[in-house]
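Chains A and B, in that order, are what the protein sequence lines are.
Heads up: the first sequence begins at 1 in our numbering, then just goes up one per residue.
Heads up: the second sequence begins at 196 in our numbering, then just goes up one per residue.
All C-beta atoms in this analysis are idealised placements derived from N, C-alpha and C, irrespective of residue type, glycine included.
Protein chains: 2
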Amino acid sequence: MSLAHAILGFLNYGPKTGYDLKRVFEASVSYFWNARQSQIYQTLPDLEKRGWATVELVRQDDRPNRKEYSLTDAGREELRHWLGQAQPNPPIRSPFLVQVFFSGELPDDEVLAVLEEKAQELRDVLALFETGPVSQPVYAEHVPKRDRFFWYLTLDYGIESARSSLRWIESAIERIREGAYERGIDGAITEKETT
Amino acid sequence: MSLAHAILGFLNYGPKTGYDLKRVFEASVSYFWNARQSQIYQTLPDLEKRGWATVELVRQDDRPNRKEYSLTDAGREELRHWLGQAQPNPPIRSPFLVQVFFSGELPDDEVLAVLEEKAQELRDVLALFETGPVSQPVYAEHVPKRDRFFWYLTLDYGIESARSSLRWIESAIERIREGAYERGIDGAITEKETT
DNA sequence: AAATTCATGTAATAAGTTACATGATTCC
DNA sequence: GGAATCATGTAACTTATTACATGAATTT
């Protein structure tokens, strides 16, 4: 259950409500971890039960009351422990790759349409990464330089992996247009690095 | 529910039992889609209910009886329809990137240990891709060249994305060793392509 | 007047994991 | 003798999604 740990990570920057957390997820880690509002609200009482956070009701007159969750020492310890252990990779599930895998069943034009659509998606994602809110994170102030460094590392990962996927799709499209599959598997395999 | 569609894709190469399917998943698409035995057995009756497959009991004396599922015309049609539509991206959930994101909380040596472990994992995956069973798929014979082309395309994707991730991790390790985070965010960002 | 923001939650369902259960044959 | 292969399934649980429900204040 790493959603709980992601929440601990954010609470470490200061007390937050379920509502705050939802916004903060969206503004920062949403491209590699996002959570539904309902899931966040379901997880918060659990953090309290485990002793990782405490709740405080903050009364407001003009707006709905807030329930602020704060990280406890036990919570911070749990976070550090979790961060220090390489997390196992969850099984990847890519419907898109399943689709490509079985695309022998489709005529060229239909496969190409799907690939073009995916390529465009990736270009849009890249444009967002380079200009959008993710590249100018303002969702927390007075954050140490070192913390920001790691934030940007993940952004960098997102950019690099999107670029890599796009290169792959574009080359796949080209190979299909050339009719590479008629020449056997060689047409599908990228040359190995000649080192 | 794309597990159902992945199964349809395999049934399209001939009738299979739950047991066959489990092996075939492992030997081919496991690095981008894998399913537990229990999940496959839970899904199969559903395919039948939807009219996408039929079952036939094959009695065996020396071994347990087999329940062979065959694709129906409706099933093939469903498969083609699914293949022709670009599938929406499921939300990515990467505990590893969450971990990196919050790694400001950890001292250098602990972060580096986690990154090194992940780098080694990627090197192992790459070695497997290049020599292992995935690169010599024998799990189906008499498969058209064009089908194999798409199989190899997905393998190629796996190799390229593993290489891309490894490059990223190695450069991250280097930047941390150099103390790049002291110089602000510039140390974390890959130079933009100078075009 | 309508939409958005702020703020909380619950219920039903779907998808996936873990663990259990059985039993013959064949390979080491 | 023990492990692996062949072959089926079910039950309990966890995780995540979809959809519903409420309501004041502010912005368009």
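Minimum C-alpha distance to residue i - residue among the options
i              : options                        : result
residue 69(A)  : 155(A), 7(A), 176(A)           : 7(A)
residue 425(B) : 360(B), 220(B), 241(B), 210(B) : In this structure chain B extends from 196 to 390, so residue 425(B) is not present and cannot be described.
residue 308(B) : 367(B), 267(B), 326(B)         : 367(B)
residue 196(B) : 303(B), 302(B), 273(B), 226(B) : 273(B)
residue 260(B) : 225(B), 266(B), 268(B), 250(B) : 250(B)
residue 228(B) : 279(B), 350(B), 267(B)         : 350(B)
residue 215(B) : 235(B), 226(B), 198(B)         : 235(B)
residue 118(A) : 311(B), 280(B), 296(B)         : 280(B)
With 16 other Cβ atoms within 10 Å as the buried cut-off, status of residue i
i              : result
residue 51(A)  : exposed
residue 178(A) : exposed
residue 339(B) : exposed
residue 161(A) : buried
residue 254(B) : exposed
residue 290(B) : buried
residue 130(A) : exposed
residue 99(A)  : buried
residue 256(B) : exposed
residue 204(B) : buried
residue 300(B) : buried
residue 200(B) : buried
residue 220(A) : Since the displayed chain A opens at 1 and closes at 195, residue 220(A) lies outside it and no answer follows.
residue 175(A) : buried
residue 180(A) : buried
residue 322(B) : exposed
First and last residue of the uninterrupted alpha helix (DSSP H) at residue i
i             : result
residue 29(A) : No alpha helix (DSSP H) holds residue 29(A); DSSP gives it neither H nor E.
residue 9(A)  : 2–11
Please go through the stretch 90–151 of chain A and give each complete alpha helix (DSSP H) segment of 4 or more residues, from N-terminal end onward. Counting only runs of 4 or more, we get 95–101, 108–131.
Taking Cβ-Cβ distances below 9 Å as the criterion, which residues of the stretch 66–95 of chain A are in contact with chain B? So the list reads 76, 79, 80, 82, 83, 84, 85, 86, 87, 88, 89, 90, 91, 92, 93, 94, 95, given in the order they occur along the chain.
What runs of the alpha helix (DSSP H), each 4 residues or longer, lie entirely inside the stretch 42–89 of chain A? Within the stretch 42–89 of chain A, the complete alpha helix (DSSP H) runs of at least 4 residues are 73–84.
Exercise for review: Scan the stretch 141–158 of chain A for residues whose Cβ lies nearer than 9 Å to a Cβ of chain B and list them as they occur along the chain.
Suggested key: Answer set for the stretch 141–158 of chain A: 143, 144, 145, 146, 147, 148, 149, 150, 151, 152, 153, 154, 155, 156, 157, 158.
- Query: If you measure beta-carbon to beta-carbon, which residues of the stretch 170–184 of chain A are closer than 9 Å to chain B?
  - Reply: From the stretch 170–184 of chain A, only 171, 172, 175, 176, 180, 181, 182, 183, 184 have a Cβ closer than 9 Å to chain B.
For this session: Taking a Cβ distance cut-off of 8 Å, strictly less, list which residues of the stretch 196–228 of chain B are near chain A, in chain order.
Result: Of all residues in the stretch 196–228 of chain B, only 197, 200, 201, 204, 207, 223, 224, 226, 227, 228 come within less than 8 Å of chain A when Cβ atoms are compared, listed by chain position.
Could you name the residues of the stretch 106–135 of chain A whose beta carbon sits closer than 7 Å to any beta carbon of chain B, in the order they occur along the chain? Listed by position along the chain: 106, 110, 114, 117, 118.
Notebook entry, point to check: Relative to chain A, which residues along the stretch 243–256 of chain B have a C-beta separation below 7 Å, given in chain order?
Noted result: Within the stretch 243–256 of chain B, contact with chain A at the beta-carbon level (separation under 7 Å) is assigned to no residue.
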